[in-house]
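Visitor:
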Amino acid sequence: MAYIFEEPSHTFDEYLLVPGYTGPDCIPANVTLQTPVVRYNKKAGEKCPLTMNIPMTSAVMQAVSDDKLAVALAKEGGISFIFGSQTIENQAAMVARVKAYKAGFVSSDTNIRPEQTLGELVEAIEKTGHSTVAVTEDGTANGKLVGIITERDFRIGHCEMSEKVSAYMTPLSSLVMGKEGITLDEANDLIWEKKVNQLPVVDKDGKLLYLVFRKDAASHEEHPLELLDSQKRYIVGAGINTRDYMDRVPALLEAGVDVMTLDSSEGFTEWQRRALQDIHSKWPNAKIGAGNVVDADGFNFLAEAGADFVKIGIGGGSICITREQKGIGRGQATATIEVAKARDAYYEKTGIYIPICSDGGIVYDHHVTLALAMGADFVMLGRYFARFDESPTNKLIVNGNYVKEYWGEGSNRARNWQRYDLGGKKGMAFEEGVDSYVPYAGSLHDNVTLTTSKIIHAMCNCGVTNIPDLQKNAKITLVSAASLREGGAHDVIVKNTVKAN
Ligand code: IMP
1 MAYIFEEPSH TFDEYLLVPG YTGPDCIPAN VTLQTPVVRY NKKAGEKCPL TMNIPMTSAV
61 MQAVSDDKLA VALAKEGGIS FIFGSQTIEN QAAMVARVKA YKAGFVSSDT NIRPEQTLGE
121 LVEAIEKTGH STVAVTEDGT ANGKLVGIIT ERDFRIGHCE MSEKVSAYMT PLSSLVMGKE
181 GITLDEANDL IWEKKVNQLP VVDKDGKLLY LVFRKDAASH EEHPLELLDS QKRYIVGAGI
241 NTRDYMDRVP ALLEAGVDVM TLDSSEGFTE WQRRALQDIH SKWPNAKIGA GNVVDADGFN
301 FLAEAGADFV KIGIGGGSIC ITREQKGIGR GQATATIEVA KARDAYYEKT GIYIPICSDG
361 GIVYDHHVTL ALAMGADFVM LGRYFARFDE SPTNKLIVNG NYVKEYWGEG SNRARNWQRY
421 DLGGKKGMAF EEGVDSYVPY AGSLHDNVTL TTSKIIHAMC NCGVTNIPDL QKNAKITLVS
481 AASLREGGAH DVIVKNTVKA N
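Numbering (the UniProt record's numbering), first residue to last: 1 to 501.
#1: Assuming residue 316 contacts residue 256 under a Cβ cut-off of 8 Å, what Cβ separation, rounded to an integer in Å, is found between them?
#2: Which ranges would you report for the beta strand (DSSP E) in the region 149-196 if only whole runs of at least 3 residues count?
#3: Which same chain residues, not among the five before or five after residue 337, have their C-beta less than 6 Å away from its C-beta?
#4: Taking the Cβ atom as the reference point for each residue, do residue 314 and residue 292 lie within a distance shorter than 9 Å?
#5: Regarding residue 406 and ligand 1, is the C-beta to nearest heavy atom distance less than 8 Å?
#6: Using only the heavy atoms of ligand 1, determine whether one of them is closer than 8 Å to the beta carbon of residue 382.
#7: So does residue 320 have its beta carbon nearer than 8 Å to some heavy atom of ligand 1?
#8: I'd like to check one pair, residue 268 with residue 301: are the Cβ atoms closer than 9 Å?
#9: Should residue 167 be counted as a contact of ligand 1 given a C-beta to heavy atom distance under 8 Å?
#10: Got a sec? Which residues, its chain only, sit under 6 Å from residue 454 by beta carbon, not counting five neighbours each side?
#11: What three-state label does DSSP hand residue 68 in the structure shown?
#12: Can you tell me which of the three DSSP states residue 377 falls into?
#13: What does a CB cutoff of less than 8 Å around residue 30 pick up in its chain, not counting 5 residues either side in sequence?
#14: Between the Cα of residue 254 and those of 121, 485, 92, 149, spot the shortest distance and give me the residue it belongs to.
#15: Which residue or residues does DSSP assign as beta-bridge partners of residue 250?
#16: In the DSSP assignment, what residue or residues form a beta bridge with residue 407?
#17: Based on Cα-Cα distance, which residue from 407, 438, 14, 443 lies nearest to residue 399?
#18: Is residue 440 closer than 9 Å to residue 402 when the C-beta atoms are compared?
#19: Any idea if residue 4 is buried or exposed, counting beta-carbon neighbours within 10 angstroms, 16 or more meaning buried?
#20: With DSSP run on the structure shown, which of helix, strand or coil describes residue 320?
#21: Which of the three DSSP states is assigned to residue 475 in this structure?
#22: Below 6 Å CB to CB, which residues in the same chain sit around residue 248 once its five sequence neighbours on both sides are set aside?
#23: Measure the alpha-carbon distance for residue 431 versus residue 272 and round it to whole angstroms.
#24: Counting C-beta neighbours from all protein chains within 10 Å, is the total for residue 62 16 or more, i.e. buried, or is it exposed?
#25: Taking 8 Å as the line, does the beta carbon of residue 410 fall inside it for any heavy atom of ligand 1?
#26: Restricting to Cα atoms, I'd like to know which of 285, 232, 101, 450 is closest to residue 211.
#27: Can you tell me whether residue 332 is buried or exposed? The criterion is at least 16 other CB atoms within 10 Å of its CB, across all chains shown.
#28: Does the Cβ of residue 390 have 16 or more other Cβ atoms within 10 Å, making it buried, or fewer, making it exposed?
#29: In its own chain, which residues sit with a C-beta less than 7 Å from the C-beta of residue 71, not counting the 5 before and 5 after it?
#30: Taking Cβ positions, are residue 37 and residue 259 nearer each other than 9 Å?
#31: Under three-state DSSP, which class holds residue 215?
#32: Closest by CA to residue 194, which one among 348, 421, 174, 182?
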């Protein structure tokens, strides 16, 4: 007879946290959200080789994780997994762009030669929208620097547009400059000391490398949790599949990727086992997550196969119709709780700690706290990040409201059929995801700051200041349908609706 789970499976919405004792040291300023990302021998006292400063990753999806979002999330302390449903070259190029991005060091995108006219300069400024222009001998971004000109150096209507740029620019002799190798802190100090708005950085031959702007140098200080590798480059992840990994993985490693994950709707398969084995035997240092699974059997299988972390979740994603299409899945909370128990048992047995990631189905910020309390080390979010300025999709007006587009990897729009590939060919492909809109929500920084603040405050209510203690000490209660109504504003006429996130 089939195995029947006796208990119904539950979603995050059906649980609440019960407060614990909050001591005098249990204050938001003392809370750390640092969390492990990949397996390590905890019992032997090893340190986890890759950790995040916030427990949030962005989903392996076309509508979510490109290089721009990856930089924005790394600045906050999390990791993006750049989508794999694109050519190997394009995905590797995105990874390379994240690794080449130097916080605060900007490659000049508006450049001009000294003998060009103010008219040409105005045209260039209109094209890029950037009003500080590097004047180089050959008019390229890395040419020999001869001056800087900004919109404030000439007055349209008062100057002849046929006049030369050289007559109005600040010449090299009057410029404050940084030398190659200068750190952002040093550049920032120079900007303040010399009261300039930008600092060109040049190499030993006087060729322009970067510009550092006053506003960007300050923004570095606004991101104390930014996630950097040993060479001060942003940490970035990427999604891979079980088909072309022998070509994709080396290209991603070459581009500098820090961590990868097999991206599949169902990970309890021979294909994932083989991929993990092949990749680890050829590139033993490559960090590869696997999934998704929803029970202890699935976790143990991937743990034995060498997964560096395991993703949990089938059918819970906001754009997901897998449960309707195939009847496969499990409530996300129940899946997380069971897999966390299996992870702890595996650790007791082997001494190896394998982080687990609750992927999909996070609607409210407090669902993240619940997922962590249930044992997840971090979460993966699609819809959440799709709403922000930095996501790759269009911002549109629909019915008078700003929205952003968001579609599933299993939708006809993404056509990422490899994600659902079970080997061989039989029958026809069908959709497991939808194409949708999500409400536009502004900048990633503002939203992540709010979300993490809520997590931190809830942790203090639970009497803990770090995620391992939350996992150990949280008290979690199931709620009845009736008490869900009690949880929102009720039996009053609300004046201004405060929408929870
Ligand atoms: P969300 O945060 O609830 O929007 O869920 C995002 C997660 O849904 C992703 O990380 C994937 O695990 C999963 N997912 C992405 N595309 C699809 C799809 O087309 N069908 C089913 N699940 C999907």
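Glycine included, C-beta positions come from ideal geometry on N, C-alpha and C.
Guide: On the basis of the coordinates in this document:
#1: Position 316 of the sequence shown, counting from 1, holds the residue named residue 316. Position 256 of the sequence shown, counting from 1, holds the residue named residue 256. Their Cβ separation, rounded to whole angstroms, is 32 Å, which puts residue 316 and residue 256 out of contact at 8 Å.
#2: none
#3: As a first step, residue 337 must be located in the sequence shown, where it is residue number 337. Excluding sequence neighbours, residue 337 sits near 374.
#4: Within the sequence shown, the letter at position 314 stands for residue 314. Within the sequence shown, the letter at position 292 stands for residue 292. It is a contact, given that the beta carbons lie within the stated cut-off.
#5: In the sequence shown, counting from the first residue as 1, residue 406 sits at position 406. Because some heavy atom of ligand 1 lies under 8 Å away, the Cβ of residue 406 counts as near it: yes.
#6: As a position in the sequence shown, residue 382 is number 382, starting the count at 1. Yes, since a heavy atom of ligand 1 falls inside the 8 Å radius drawn around the Cβ of residue 382.
#7: For the purposes of this step, residue 320 is taken as residue 320 along the sequence shown, with counting starting at 1. Annotation for residue 320 indicates a beta carbon within 8 Å of some heavy atom of ligand 1.
#8: Position 301 of the sequence shown, counted from the start, is the residue given in the question as residue 301. Position 268 of the sequence shown, counted from the start, is the residue given in the question as residue 268. Yes, the Cβ-Cβ distance between residue 301 and residue 268 is below 9 Å.
#9: Along the sequence shown, one-based indexing puts residue 167 at 167. Checking the Cβ of residue 167 against ligand 1 gives no.
#10: Indexing the sequence shown from 1 puts residue 454 at position 454. Closer than 6 Å at the Cβ level, and outside the excluded window around residue 454, lie 365.
#11: Along the sequence shown, one-based indexing puts residue 68 at 68. In the structure shown, residue 68 sits in a helix (DSSP, three-state: H, G or I).
#12: Here residue 377 corresponds to residue number 377 of the sequence shown, with the count starting at 1. If DSSP states are grouped into helix, strand and coil, residue 377 belongs with coil.
#13: Working through the sequence shown from its first residue, we reach residue 30 at position 30. Contacts found: 465.
#14: If you number the sequence shown from 1, residue 254 lands on position 254. Selected option, being the one with the closest Cα: 92.
#15: Position 250 of the sequence shown, counting from 1, holds the residue named residue 250. Residue 250 pairs with nothing; no bridge assigned.
#16: To locate residue 407, count along the sequence shown from 1; it is residue 407. Note: residue 407 sits in a beta bridge opposite 435.
#17: Here residue 399 is taken as the residue at index 399 of the sequence shown, counted from 1. Measuring from the Cα of residue 399, the nearest candidate turns out to be 438.
#18: Sequence index remark: in the sequence shown, residue 402 carries index 402 (1-based). Sequence index remark: in the sequence shown, residue 440 carries index 440 (1-based). Cβ distance < 9 Å, so residue 402 and residue 440 count as in contact.
#19: Here residue 4 corresponds to residue number 4 of the sequence shown, with the count starting at 1. With fewer than 16 Cβ atoms within 10 Å of its Cβ, residue 4 is classed as exposed.
#20: One-based indexing of the sequence shown puts residue 320 at position 320. If DSSP states are grouped into helix, strand and coil, residue 320 belongs with the strands.
#21: Along the sequence shown, read from residue 1 onward, the residue named residue 475 stands at position 475. Strand.
#22: Counting from 1 along the sequence shown, the entry for residue 248 is found at position 248. Once the five neighbours on either side are set aside, the close Cβ partners of residue 248 are 88, 240.
#23: Residue mapping note: residue 431 aligns to position 431 of the sequence shown, counting from 1. Residue mapping note: residue 272 aligns to position 272 of the sequence shown, counting from 1. Using only the alpha carbons, I get a separation of about 22 Å.
#24: Residue numbering aside, residue 62 sits at position 62 when the sequence shown is read from its first letter. That one is buried.
#25: Residue 410 sits at position 410 when you count from the first residue of the sequence shown. Flag set: Cβ of residue 410 near ligand 1.
#26: Mapped onto the sequence shown, residue 211 falls at position 211. Per the Cα distances, 101.
#27: As a first step, residue 332 must be located in the sequence shown, where it is residue number 332. Buried, because 16 or more other Cβ atoms sit within 10 Å of the Cβ of residue 332.
#28: Residue 390 sits at position 390 when you count from the first residue of the sequence shown. With 16 or more other Cβ atoms inside 10 Å of its own Cβ, residue 390 counts as buried.
#29: The residue you call residue 71 lines up with position 71 of the sequence shown. Closer than 7 Å at the Cβ level, and outside the excluded window around residue 71, lie 98, 101, 234.
#30: As a working mapping, residue 37 is identified with position 37 in the sequence shown. As a working mapping, residue 259 is identified with position 259 in the sequence shown. It is a contact, given that the beta carbons lie within the stated cut-off.
#31: In the sequence shown, counting from the first residue as 1, residue 215 sits at position 215. Helix.
#32: On the sequence shown, residue 194 is found 194 positions in, with the first residue counted as 1. Taking only the C-alpha atoms, the option nearest residue 194 is 174.
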